[in-house]
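Student:
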Amino acid sequence: MYVRSLVRTLQRCRSLTAGGVPAAAFRGATAAVTTTRGAHTDLPVPDFSAYRNSYADKPNEASSRGELGKRAAAYMVLGGGLAAGMVPTKDAIVGLLSTMSPSADVLAMATIEVDLSAIPEGKNVVLKWQGKPLFVRHRTAEEIDAAKNVDLSTLRDPQADDARVQRDQWMILIGVCTHLGCVPIANAGEYGGYFCPCHGSHYDTSGRIRKGPAPLNLAVPKYKFETDTSLVVG
1 MYVRSLVRTL QRCRSLTAGG VPAAAFRGAT AAVTTTRGAH TDLPVPDFSA
51 YRNSYADKPN EASSRGELGK RAAAYMVLGG GLAAGMVPTK DAIVGLLSTM
101 SPSADVLAMA TIEVDLSAIP EGKNVVLKWQ GKPLFVRHRT AEEIDAAKNV
151 DLSTLRDPQA DDARVQRDQW MILIGVCTHL GCVPIANAGE YGGYFCPCHG
201 SHYDTSGRIR KGPAPLNLAV PKYKFETDTS LVVG
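For the sequence shown, counting from 1, position 18 maps to 18 in the UniProt record's numbering; every step adds exactly one.
(1) Quick one: Cα of Arg210 to Cα of Ser201, how far?
(2) Assuming Ala147 and Asp157 make a contact with CB atoms under 8 Å, what is their CB distance in whole Å?
(3) At which residues does the beta strand (DSSP E) containing Lys211 begin and terminate?
(4) Spatial neighbours of Ile119 within its chain, please: CB distance less than 7 Å, with the 5 preceding and 5 following residues excluded, ordered by chain position.
(5) For Arg208, does the count of other Cβ atoms within 10 angstroms reach 16, so buried, or fall short, so exposed?
(6) For the beta strand (DSSP E) containing Met142, name the first residue and the last one.
(7) For Phe26, which three-state DSSP category applies?
(8) Would you mind working out which of Tyr223, Asp204 and Gly85 sits nearest Ala214, comparing C-alpha positions?
(9) Sort Ile172, Trp170, Gly193 and His199 by Cα distance to Leu180 and report the nearest one.
(10) Using the Cα positions of Leu173 and Ser153, report the straight-line distance between them to the nearest angstrom.
(11) For Leu116, which residues from the same chain have a beta carbon less than 6 Å from its beta carbon, with the 5 sequence-adjacent residues on both sides left out?
(12) Report the residue from Ala219, Tyr75 and Glu190 whose alpha carbon sits nearest the alpha carbon of Val165.
Rendered as structure tokens:
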């Protein structure tokens with residue numbers, strides 16, 4: 001197909017020249033075309049030397065002697081100075097934090113030792129620990145049985161008695177009502193445990209909420225038995 005179109009084009013050109021069109025006209029056109037410039041050598045060449053680093057002008061010189069070497073040396077000096085300055089800064093920060101830490105007497109108040117031999121059976125002692133009332137109750141056998149035989153499905157905050165005590169006869173509680181922070185009264189209420197007079201919350205001998213607006217049981221602090229007659233809270 002391409003060959004046929006080329007042949008037709010040549011035939012048309014021949015017919016035009018045979019029809020009286022002077023061949024000189026084609027020669028002039030060809031000469032006009034050949035006089036067109038094939039290259040533009042008079043245009044300015046872009047110069048990017050202003051954007052190049054100065055050390056690039058000396059390719060045969062070691063970079064350590066040029067601007068890069070000077071920068072690297074400056075960075076090394078700066079890094080060494082910062083590293084040396086961090087040591088006294090660390091000491092100053094540690095000293096400042098040590099002055100903000102609690103003193104020995106404050107740390108001593110964080111724990112309290114209770115003499116259990118001074119608490120008779122069936123009695124509840126109220127102590128002060130970290131600014132809060134601390135209940136230490138010496139439970140009777142009847143109170144222990146009553147606390148263990150409670151159906152957990154009936155409790156608002158279900159928790160077994162065994163999970164709240166380390167020794168059955170000793171109940172350790174933070175004496176702050178979980179409703180609005182009042183101090184309950186020991187050996188009171190419908191369940192013989194604790195009663196909050198502010199809004200009528202009733203707790204049993206395990207410190208579990210049984211009636212009233214309080215949402216949770218009385219909190220059990222962290223404690224441990226040093227001996228059979230000594231208890232440390234905190």
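Just so it is clear, CB atoms sit at the ideal spot from N, CA and C, and this is done for glycine as well.
Tutor: With the structure as the only source:
(1) Taking the Cα positions, Arg210 is about 8 Å away from Ser201.
(2) About 14 Å separates the two Cβ atoms, so there is no contact after all.
(3) Per DSSP, the continuous beta strand (DSSP E) segment holding Lys211 begins and ends at Ile209 to Lys211.
(4) If we look at Ile119 and ignore the five residues flanking it on each side, its Cβ neighbours are Val125, Val136 and His138.
(5) So Arg208 ends up on the buried side.
(6) Going by the sequence as given, residue 142 is Glu instead of Met. From DSSP, Glu142 is part of no beta strand (DSSP E) but of the alpha helix (DSSP H) over Ala141 to Lys148.
(7) The pLDDT assigned to Phe26 is 49, lower than 50, so where the model puts this residue is not dependable; a value taken from the coordinates is nonetheless given after this. Note: Phe26 maps to helix in three-state DSSP.
(8) Of the candidates Tyr223, Asp204 and Gly85, the one whose C-alpha sits nearest the C-alpha of Ala214 is Asp204.
(9) Check the Cα spacing between Leu180 and each of Ile172, Trp170, Gly193 and His199: the tightest is with His199.
(10) So the alpha carbons of these two residues sit roughly 22 Å apart.
(11) Sequence-distant Cβ neighbours of Leu116 in its own chain, meaning closer than 6 Å and more than five residues away, are Thr229 and Leu231.
(12) It is Ala219 whose Cα lies nearest to the Cα of Val165.
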